[in-house]
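So the number in this note's numbering is just where the residue sits in the sequence shown, counting from 1, plus 138.
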Amino acid sequence: MIEVKACIFDLDGVIVDTARHHFAAWQSLANELGIPFTKEDNDRLKGVSRVDSLEYILKKGNLVLDSATKLQLMEKKNAIYLSLSEKTSPEDTMDGIVSLMDELAESGLQIGLGSSSKNARMILTKLELMSRFSTIVDGNNITLSKPDPEVFQKAAQLMGVIPSQCIVIEDAQAGIEAALSGGFHVVGVGEGLKNAHLHLNDLKGIGFNYIQENLSAH
Ligand code: BG6
Ligand code: MG
C-alpha cells in the first residue's frame, strides 16, 4: 500500500462545476472576435491559465494584438466568468467532495488546493470550504501554468510532503500531465482523460480507501 500523507485537489471541474462557466466565458469572447471555439478547444484549455488560454484562442484565429488589448480581453472574459459564478453556493459542491474530505481529514491527511485560477479563493469562500485546506496554491502564486508541475510542487512543499506521498485529483489533461511530471499519484476525474494512475467518472461515493487501494496497483 502506498503511504499517503496529503491530497491536492484541483478546483474547477473537480470540487465545483465552474469549468462550464470558464467555457461559456471563453466562447462568448471568441464569438466576439470571430474565432470558432469548440468543446475540444475548451478541453485543451482546462487547467490552463487565463493568459495562456487567451494566447491559444488568438493563435487559433491568427490574431496578433498588443498587450493592452489582450489585458482588456482577459478582463472582459473574467467579468463574464464572475457574473456566471456569482451565485455559487455550498450546494454547488460536487457530489462526493465533502464526504471524501471528511474521510481524508479523519485519516490524518492534509488537504491542499492546486488550481491555476486566480479566482480560486473567492470560489472556495462561496462554497464555504476555505477552512478545509491546510494549503492553497492558485493562479496568483505560480509563474508556470499546468502542465508545468509548479502548482502541485508548491502545495506539497508548503504541506511538508514529497510528491510520492501525495495524491492529486484532476479533471484536466494538462493537470494530469503536471502531476505526473512532478512525480505525484494522480486520479483523473471525468471522460476522455488518459495517463492518470486511476480514472473515475466522478467522485460520487468514492472513499479514501478505494482510491488508496486502486492507486497502489500502479
Ligand atoms: C483553471 C481552469 O482552473 O483556471 C481554466 O480550468 C481557467 O479554465 C484557469 O482558465 C484560470 O482561471 P482564472 O479564474 O484565473 O481566469
Ligand atoms: Mg480543473
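Positions of the beta carbon are idealized from the N, C-alpha and C atoms, including for glycine. Fair warning: this is a prediction, and the values are worked out from it, not measured in the lab.
Top-ranked residue by Cα proximity to His335, from His160, Gln350 and Leu262: Ranking the options by Cα distance to His335, first place goes to Gln350.
Please classify Arg158: is it buried, with 16 or more other beta-carbons within 10 angstroms of its beta-carbon, or exposed? It is exposed - the Cβ of Arg158 has fewer than 16 other Cβ atoms within 10 Å.
Should Asp240 be labelled buried (16 or more other beta-carbon atoms within 10 Å of its own) or exposed? Residue burial is scored here from C-beta neighbours: Asp240 has fewer than 16 other C-beta atoms within 10 angstroms and is therefore classed as exposed.
Using 8 Å as the cut-off, can you tell me whether the stretch 259-269 makes contact with the stretch 183-194, which would need three or more C-beta pairs spanning the two stretches below that distance? When Cβ pairs closer than 8 Å are counted between the two stretches, the stretch 259-269 is seen not to touch the stretch 183-194, the count staying below three.
Local Cβ density within 10 Å of Ala294, reported as buried at 16 or more and exposed below that: Under this definition Ala294 is a buried residue.
Could you give the distance in angstroms between the alpha-carbon of Ser245 and the alpha-carbon of Lys284? Approximately 29 Å between the Cα atoms of the pair.
In terms of DSSP beta bridges, what is Asp150 paired with? Partner(s): Val154.
Beta-carbon separation (whole angstroms), Phe322 vs Val306, contact threshold 8 Å: Between Val306 and Phe322 the Cβ distance is about 5 Å, and since that is below 8 Å, they are a contact.
Would you mind stating whether Asp366 and Ser253 have Cβ atoms separated by less than 8 Å? A query on residue 366 cannot be resolved here, the shown segment of the chain reaching from 139 to 356 and no further.
Given this structure, state the Cα-to-Cα distance separating Glu288 from Val327, to the nearest angstrom. If you take the alpha carbons of Glu288 and Val327, they lie about 21 Å apart.
In the structure shown, what three-state DSSP assignment does Glu315 receive? If DSSP states are grouped into helix, strand and coil, Glu315 belongs with the helices.
When the Cα of Val154 is compared with those of Glu308, Gly343, Asn347 and Ser302, which residue comes out closest? Closest option to Val154, Cα to Cα, is Glu308.
Less than 7 Å between the CB of Tyr219 and some heavy atom of ligand 1, yes or no? At least one heavy atom of ligand 1 is nearer than 7 Å to the Cβ of Tyr219, so yes.
Check this for me: beta carbons of Ala312 and Lys198, under 8 Å apart or not? Taking 8 Å as the Cβ cut-off, Ala312 and Lys198 do not qualify as a contacting pair.
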